[in-house]
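Participant:
Numbering (full-length UniProt numbering), first residue to last: 1 to 686.
Put into structure tokens, the structure is as follows:
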């Protein structure tokens with residue numbers, strides 16, 4: 001029966017946008033005014049339409065929510081870690097949405113001291129996020145940050161852990177990160193530009209002084225850079241970092257002398273990226289110096305930090321990407337990536353040992369965990385796989401014995417690892433490059449082309465989407481879905497070159513890789529175009545917009561979360577949060593070459609009068625990363641031009657931002673809506 005519910009139609013107010021002698025007409029530009037009552041009315045009308053169109057699934061959504069919630073251990077506790085004489089623990093209580101942060105002195109048998117109960121702090125608030133907690137060196141004070149709007153503009157406060165008093169000091173509009181000097185009274189923090197939200201200044205605050213008298217210690221004047229501040233693991237240095245997509249710079253100051261002057265470690269050079277870690281009288285540097293595309297590890301004295309003094313510890317290797325290091329008194333641990341797979345390399349400082357921890361799967365992820373103690377001989381790391389719940393593991397570097405400290409519980413009684421299968425496939429892209437795909441599905445699935453399949457990717461900023469476990473995903477797998485992660489160019493799954501070949505003037509590789517993987521999955525009969533669904537968020541939402549303009553016929557449904565779809569207009573507006581720092585990723589459209597290339601793939605600019613798949617688009621009114629008006633305008637234009645009767649739904653969370661709802665269970669309702677949308681398209685209602 002033909003749908004009789006009519007979607008909202010946004011009014012058209014043509015606005016001419018001209019640059020490089022090229023004029024674009026944007027009929028929905030007016031939607032970027034959040035203060036305009038007509039804008040809010042339109043968003044509310046779209047929400048009402050989505051609710052109407054999905055009304056027949058509301059019972060199913062509730063069942064999905066209960067099902068996903070039931071798998072989660074409600075009274076869960078993190079694996080404790082020890083720092084400066086205290087064991088720190090994060091735990092949840094049954095029925096609560098937010099964590100409780102606690103500690104115990106010296107022994108896990110000691111009495112618990114609650115630092116922050118976020119459930120109490122969040123009472124009466126539509127959104128709440130505790131950004132970070134920094135404990136003073138004497139363990140008596142905690143600097144903490146909160147965001148109650150979801151714009152990632154955090155307020156820093158200080159709590160006396162002995163009395164429970166929260167001091168009057170209140171610092172607004174920060175990144176949320178805060179660092180103590182060793183005097184227990186000086187704090188360093190990063191301030192955001194109120195318009196662009198760029199982190200651009202580092203300030204110094206003295207306890208119990210007026211915050212408007214805080215001293216500016218660094219101003220990052222290059223609007224393509226962001227700045228941040230932290231303390232070295234050795235606790236000897238306060239470090240100010242500045243970074244853009246392609247360059248970085250650090251400044252160091254002895255943490256015992258917070259009123260001293262910061263010294264530049266190595267001044268910024270275009271295309272020189274580096275990170276630093278301090279140990280004994282030396283700094284260790286991960287950098288791409290001397291054309292080390294996949295990075296190498298160097299060492300230098302703490303008194304001679306410039307690049308000409310850097311000496312190789314682990315030289316550059318063409319096929320191995322160095323991602324991270326962890327320094328211990330007796331060992332160095334290196335997180336490497338080879339052929340897409342994470343490896344943890346253990347090196348003894350005296351040179352007597354150099355080996356890798358063994359991992360047997362091709363669809364797993366591992367990472368270095370929380371290791372704050374230099375003198376420890378225990379490496380804490382995380383491990384997860386598409387069929388293996390997340391585990392926190394302690395590995396004794398001396399005895400080579402492992403102990404699982406915590407494995408993610410999957411409640412509900414139905415989950416068994418052996419009931420699911422994961423594998424890695426390689427699709428051939430149109431230029432001959434092999435693209436990896438990580439797959440998981442329930443055993444017994446027949447490759448007959450009739451399986452529903454959800455294909456996910458991100459593909460930007462060098463961000464690698466590793467194959468990891470999800471209890472939520474089981475709601476799809478148990479209903480016959482195959483889940484695929486396509487490791488397309490633009491990420492760093494196969495090394496730094498994988499990223500370089502999916503950005504700037506090679507960005508279209510990201511989109512064509514995804515499409516070619518879709519075609520491969522169809523050819524190999526994992527699914528068909530009638531049963532193929534694609535999902536991406538943020539820059540992955542750009543991916544969704546691009547693929548449906550290029551090959552809409554391949555997909556039955558699209559889930560686009562907080563999608564970055566109005567690329568040209570956004571990148572031309574340097575007042576929009578975070579725009580200028582993105583030039584190294586997308587290009588600067590003030591230059592004609594980049595403008596033309598962006599315009600050729602920008603989803604909003606390339607909407608055409610043709611058939612599009614079924615689509616659910618989600619956003620947040622307070623999103624600081626991708627402004628709500630991008631998906632709103634995109635949906636309005638799609639409604640105007642598309643020639644099909646497929647579903648097109650827009651859901652705007654009027655209380656949240658880029659990360660969605662703040663509570664651990666509230667966010668499941670958003671997932672239940674998304675899953676119900678694609679399951680309904682498959683005719684699955686239970």
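For glycine and all other residues, C-beta sits at the position ideal for the given N, C-alpha and C.
1) State the CB to CB distance for the pair residue 366 and residue 344, rounded to an integer number of angstroms; the pair is presumed to be in contact (CB under 8 Å).
2) With three or more beta-carbon pairs closer than 8 Å as the criterion, would you say the stretch 597-617 touches the stretch 639-652?
3) Which residues bound the beta strand (DSSP E) around residue 116?
4) Which value, in whole angstroms, describes the spacing of the CA atoms of residue 374 and residue 387?
5) Who does residue 87 pair with in a DSSP beta bridge?
6) Let me know the secondary structure DSSP gives residue 658 once reduced to three states.
7) Let me know if residue 20 comes out buried or exposed under the rule of 16 or more other beta-carbons within 10 Å of its beta-carbon.
8) In angstroms, rounded to a whole number, what distance separates the CA positions of residue 395 and residue 82?
9) Measuring CB to CB, does residue 393 end up less than 8 Å from residue 402?
10) Pick helix, strand or coil for residue 207, following the three-state DSSP scheme.
11) Cutting at 6 Å between CB atoms, please list the residues of its own chain near residue 659, excluding the five before and the five after it.
12) Just list the residues that DSSP pairs residue 155 with in beta bridges.
13) Secondary structure at residue 331, three-state DSSP: helix, strand or coil?
14) When you compare only the Cα positions, how much space is there between residue 200 and residue 406?
15) What runs of the beta strand (DSSP E), each 3 residues or longer, lie entirely inside the stretch 567-645?
16) Return the CA-CA distance between residue 530 and residue 452, expressed in angstroms with no decimal places.
17) With 16 as the cutoff for other CB atoms within 10 Å, does residue 446 come out buried or exposed?
18) How would you write the range of the beta strand (DSSP E) that residue 424 sits in, first residue to last?
19) Spatial neighbours of residue 110 within its chain, please: C-beta separation below 6 Å, excluding the five flanking residues on both sides.
20) Exposed or buried, what is residue 571 when buried is set at 16 or more other beta-carbons lying within 10 Å of its beta-carbon?
21) Quick check: what's the CA-CA separation for residue 668 versus residue 348?
22) Have a look at the DSSP bridge pairing and note the partners of residue 282.
23) Taking the alpha-carbon positions, what's the residue 286 to residue 118 distance?
24) Just list the alpha helix (DSSP H) runs in the stretch 500-553, keeping only unbroken ones of 4 residues or longer that don't cross its boundaries, in chain order.
25) For residue 249, count neighbouring C-beta atoms within 10 Å of its own C-beta (all shown protein chains included) and say buried if the count is 16 or more, exposed if not.
26) If we count the other Cβ atoms within 10 Å of its Cβ and call it buried at 16 or more, is residue 489 buried or exposed?
27) Output needed for residue 585: all residues of its chain with C-beta closer than 7 Å, excluding positions within five of it in sequence on either side, in chain order.
28) Look up residue 7 in the DSSP assignment and say whether it is helix, strand or coil.
29) Note down the Cα distance separating residue 184 from residue 257, rounded to an integer number of angstroms.
30) Quick check on DSSP: helix, strand or coil for residue 323?
31) Could you tell me the distance, in whole angstroms, from the CA atom of residue 709 to the CA atom of residue 621?
32) Between the alpha carbons of residue 315 and residue 270, how many angstroms are there, rounded?
33) Please classify residue 452: does DSSP put it in a helix, a strand, or coil?
34) Can you tell me whether DSSP reads residue 497 as helix, strand or coil?
Facilitator: Considering the structure as presented:
1) Along the chain shown, one-based indexing puts residue 366 at 366. Along the chain shown, one-based indexing puts residue 344 at 344. For a cut-off of 8 Å, the C-beta gap from residue 366 to residue 344 is around 6 Å, short enough to register as a contact.
2) Note that the stretch 597-617 touches the stretch 639-652; at least 3 beta-carbon pairs, one per stretch, sit closer than 8 Å.
3) Along the chain shown, read from residue 1 onward, the residue named residue 116 stands at position 116. Per DSSP, residue 116 belongs to the beta strand (DSSP E) from 113-117.
4) Within the chain shown, residue 374 is the residue found at index 374, counting from 1. Within the chain shown, residue 387 is the residue found at index 387, counting from 1. Whole-angstrom Cα-Cα distance: 33 Å.
5) Within the chain shown, the letter at position 87 stands for residue 87. In the DSSP assignment, the residues bridged to residue 87 are 82, 104.
6) In the chain shown, residue 658 corresponds to position 658, counting from 1. Low local confidence applies: a pLDDT of 49 at residue 658 is under 50, so the model's placement there is unreliable, with the coordinate-based value given in what follows. DSSP places residue 658 in coil when its eight states are reduced to three.
7) Within the chain shown, numbered from 1, the residue matching residue 20 stands at position 20. Exposed, since its Cβ has fewer than 16 Cβ neighbours within 10 Å.
8) Locating residue 395 in the chain shown gives position 395, counting from the first residue. Locating residue 82 in the chain shown gives position 82, counting from the first residue. Approximately 15 Å, taken between the alpha carbons.
9) Position 393 of the chain shown holds residue 393. Position 402 of the chain shown holds residue 402. Yes, the Cβ-Cβ distance between residue 393 and residue 402 is below 8 Å.
10) Here residue 207 refers to the residue found at position 207 of the chain shown. DSSP places residue 207 outside both helix and strand once states are collapsed to three, so it counts as coil.
11) Along the chain shown, read from residue 1 onward, the residue named residue 659 stands at position 659. For residue 659, the pLDDT reaches just 49, beneath the cut-off of 50, and the residue's location in the model is therefore unreliable, although a value from the coordinates is still provided. Sequence-distant partners of residue 659 (beyond 5 residues in either direction) whose C-beta falls short of 6 Å from its own C-beta are missing from its chain.
12) Within the chain shown, the letter at position 155 stands for residue 155. Residue 155 pairs with 146.
13) Mapped onto the chain shown, residue 331 falls at position 331. Strand at residue 331.
14) Along the chain shown, read from residue 1 onward, the residue named residue 200 stands at position 200. Along the chain shown, read from residue 1 onward, the residue named residue 406 stands at position 406. Whole-angstrom Cα-Cα distance: 39 Å.
15) Qualifying beta strand (DSSP E) stretches, in chain order: 614-620.
16) Sequence index remark: in the chain shown, residue 530 carries index 530 (1-based). Sequence index remark: in the chain shown, residue 452 carries index 452 (1-based). The straight-line gap separating the alpha-carbon atoms of residue 530 and residue 452 is approximately 8 Å.
17) Position 446 of the chain shown, counted from the first residue, corresponds to residue 446. Exposed is the call here.
18) Counted from its first residue, the chain shown places residue 424 at position 424. Per DSSP, residue 424 is one residue of the beta strand (DSSP E) stretching across 420-428.
19) Reading the chain shown from its first residue, position 110 is the one you call residue 110. Closer than 6 Å at the Cβ level, and outside the excluded window around residue 110, lie 104.
20) Counting from 1 along the chain shown, the entry for residue 571 is found at position 571. Buried: at least 16 other Cβ atoms inside 10 Å.
21) Taking the first residue of the chain shown as 1, we reach residue 668 at position 668. Taking the first residue of the chain shown as 1, we reach residue 348 at position 348. So the alpha carbons of these two residues sit roughly 44 Å apart.
22) As a working note, residue 282 is residue 282 in the chain shown. Paired residue(s): 279, 301.
23) Counting from one through the chain shown, the residue named residue 286 turns up at place 286. Counting from one through the chain shown, the residue named residue 118 turns up at place 118. When only Cα atoms are considered, residue 286 and residue 118 end up about 36 Å apart.
24) Along the stretch 500-553, the alpha helix (DSSP H) occurs as fully enclosed runs of 4 or more residues at 508-523, 539-550, listed in sequence order.
25) Sequence index remark: in the chain shown, residue 249 carries index 249 (1-based). Residue 249 is buried by the Cβ-count criterion.
26) The count along the chain shown starts at 1 and reaches residue 489 at position 489. Counting every other CB atom within 10 Å of its CB across the protein chains shown gives residue 489 a total of 16 or more, marking it as buried.
27) For this step, residue 585 is matched to residue 585 along the chain shown. Excluding the 5 residues flanking it on each side, residue 585 has same chain C-beta neighbours closer than 7 Å at 245, 460, 461, 503, in chain order.
28) Working through the chain shown from its first residue, we reach residue 7 at position 7. Correct three-state label for residue 7: coil.
29) Along the chain shown, one-based indexing puts residue 184 at 184. Along the chain shown, one-based indexing puts residue 257 at 257. About 12 Å.
30) On the chain shown, residue 323 is found 323 positions in, with the first residue counted as 1. If DSSP states are grouped into helix, strand and coil, residue 323 belongs with the strands.
31) Residue 709 cannot be examined here, being either before or after the span of the chain that is shown, 1 to 686.
32) Within the chain shown, the letter at position 315 stands for residue 315. Within the chain shown, the letter at position 270 stands for residue 270. Approximately 21 Å between the Cα atoms of the pair.
33) Here residue 452 refers to the residue found at position 452 of the chain shown. In the structure shown, residue 452 sits in coil (DSSP, three-state: anything other than H, G, I, E or B).
34) Here residue 497 refers to the residue found at position 497 of the chain shown. Reduced to three states, the DSSP call for residue 497 is helix.
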